[in-house]
Structure formats: C-alpha cells, structure tokens
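Asks:
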C-alpha cells in the first residue's frame, strides 16, 4: 500500500511528538520519581507532610505552639536529612493512619506505628526506629489485683481503635472475650486513660513506650505493670508501593542511632524508663 505525502507527514509528526513526550517523562522520573513505583521522591521537598499522634506524653505533644517528644524528634531528623525545607504537621488517630497514607493526605506517618504483616498489605514501612512490647497500665490501688496479662481475663480493658492491642488480647483470650464487658475500643489511648483514672474500667493496654508517659504523668495514681507480653517494632509509614524512599530513610535512622541523637532523644523524652528501650536498640535494615 502506497502512503501519500500528507500521510507520511502525519506519521513523522506523531513520531516526533511521541519521542518528545517520552523524553520529558524520562527526565521527570529521573529527577522526581521512582522508576519502579512511580511515586514522587520525598527527597528535597519544599514541604514534607508528616502525620503524628495528637497527644502521647513523651512521644508526641503540642504545647505553646511547639511540638516535642521522641516521635517528633525522629520525624524532624528524618525530614531534615531528606532535605525538606518545611514540615507540615498533621494529627492522626490510630484508626486513620492507613487512610491518610492511602488517600495521599500525608507523605509519612510517625505515630507509634507498629509494623506487621497485615499492615504491609495496605502501607509500606521504613524502620524500625523503636522496639516495644504491649504492656498494661492500671490504677496504683489495683497493683495487688493485676500483675500480668492473664489477670485481664475477667476485667475490662481499654485499647485504641485501629491499634494492634485488641488483636493481641483477643488472640490470647479468644473471640468470645471480644465484647464490651471485657474490651473497650476508643479513639486514642488518652481517652482510655481518662476512663481508667475515673474508675470506669480496669486497665489500658498498648505499647509500653506509650504507657510509660502516662504513668509518669500521673505518679501515685497510675502504675505500669512492666511485664510486656509481645515484642514488636515501631516504624515509619509510607504509601503502599513507595519503596524507593525506604532505603534512604533506613540509612537516616541508622545515622540517628549511630551518632547518638536517637538515645539522647529517648533519654530526654522517656526519662527514667529510657534505659530499657536503649538497651533494646532497633536495627533498621
């Protein structure tokens, strides 16, 4: 079949425009995205959007227009080393952490986020940056009644909705135990602690790094049992499929640990409980 001069010009023009479009795409991905995942790089951002817990004593606190705590220190260190010129802070409750990453509302979640296989189905993780164990917070008056996790079987315990804490307890006591008489789910640990203080329930269970802050905040009234019954890793959440930034963030976490900034932040944030976490140092890959 013979091709007319006009058709030849059209084909030639299409080829040129196609080559130009491909060249622009290649240049864009070379400078701003990961070729394997297609996610924009988090390096050298003008603004990095980071979700943190609204209020966790020693980990993530906001007062006098200033954020402080261990999670805040980790987030700030990572953002600085990634080259971010500004951090845009977002507050998130445990049950919304996957959603804000999936919807693209934030770039990172640094909010006492336990790394596990189920969550890897919906998000990606860098880290770990802290090793924790699920523990129990009780009223000091109940120290003789609750000495470990098995003592919770016939009591009412509160956990954060969307955390792994409920799952661990139900695995231990069975699905029949998962009813309001035994297990209460609230938006955050702070709400659980308020009910514990007013005698509305018997215990609060979550990671010990969270509970030590509340015990220190209410000396004489609250007691950390100090017998963790799990061993878990806390990591930094990223959007599912964003794998290109993980090695860089892990390298930054290793640097924070090696240079002493990690231990200094734990001592500053967790006080007398710091040594138990420093002695169980995480090993980001």
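Numbering (mature numbering (1 follows the signal peptide of the UniProt record, and there is no 0)), first residue to last: -35 to -1, 1 to 250. Ideal Cβ placement from N, Cα and C applies to all residues, glycine included. Bear in mind the structure is a predicted one, so any value in this text is a computation, not a measurement.
Taking Cβ positions, are residue 65 and residue 17 nearer each other than 9 Å?
Replies: Not closer than 9 Å, so no.
Asks: Going residue by residue through the segment 49 to 125, where are the continuous beta strand (DSSP E) segments of at least 3 residues, counting only ones entirely within it?
Replies: The qualifying runs are 52 to 56, 73 to 79, 88 to 97, 99 to 104 and 122 to 125.
Asks: For the alpha helix (DSSP H) that contains residue 8, what are its first and last residues?
Replies: Here residue 8 belongs to no alpha helix (DSSP H), and DSSP marks it neither H nor E.
Asks: By Cβ distance below 6 Å, which residues in the same chain neighbour residue 232 in space, the five residues on each side in sequence not counted?
Replies: So the list reads 239, once near-sequence residues are dropped.
Asks: Counting along the chain, where does the alpha helix (DSSP H) carrying residue 178 start and finish?
Replies: 173 to 182 is the extent of the alpha helix (DSSP H) around residue 178.
Asks: Tell whether a beta-carbon distance below 9 Å holds between residue 201 and residue 43.
Replies: Their beta carbons are under 9 Å apart, which means residue 201 touches residue 43 by this criterion.
Asks: Could you check whether the segment 163 to 173 touches the segment 115 to 124, counting it as contact only if at least three pairs of C-beta atoms, one from each stretch, sit closer than 8 Å?
Replies: Touching, yes, given that three or more Cβ pairs across the two stretches are closer than 8 Å.
Asks: Buried or exposed: residue 34, going by 16 or more other Cβ atoms within 10 Å of its Cβ?
Replies: Residue 34 comes out buried.
Asks: Counting pairs of beta carbons, one from the segment 46 to 54 and one from the segment 107 to 122, are three or more of them closer than 8 Å?
Replies: No: the two stretches stay apart, fewer than three of their Cβ pairs being nearer than 8 Å.
Asks: Looking at residue 159 and residue 96, is the spacing between their C-beta atoms short of 9 Å?
Replies: No, these two residues do not count as a Cβ contact at 9 Å.
Asks: Suppose the cutoff is 7 Å on Cβ atoms and the five residues either side in sequence are ignored; what does the same chain contact list for residue 4 look like?
Replies: Excluding positions up to five away in sequence, the list reads -3, 204, 206, 207 and 209.
Asks: Residue 39 by DSSP, collapsed to three states: which one?
Replies: Three-state DSSP puts residue 39 in a helix.
Asks: Could you check the C-alpha separation between residue 86 and residue 67 for me, to the nearest Å?
Replies: If you take the alpha carbons of residue 86 and residue 67, they lie about 11 Å apart.
Asks: Would you identify the three-state DSSP class for residue 204, choosing helix, strand or coil?
Replies: Note: residue 204 maps to strand in three-state DSSP.
Asks: If I measure Cβ to Cβ from residue -13 and keep anything under 7 Å in the same chain, skipping five residues before and after, which residues do I get?
Replies: Its pLDDT being 38, under 50, residue -13 is placed unreliably in this model, and the coordinates cannot settle the point.
Asks: Considering residue 128, what are the terminal residues of the beta strand (DSSP E) in which it resides?
Replies: That residue, residue 128, is in no beta strand (DSSP E); it is neither H nor E in DSSP.
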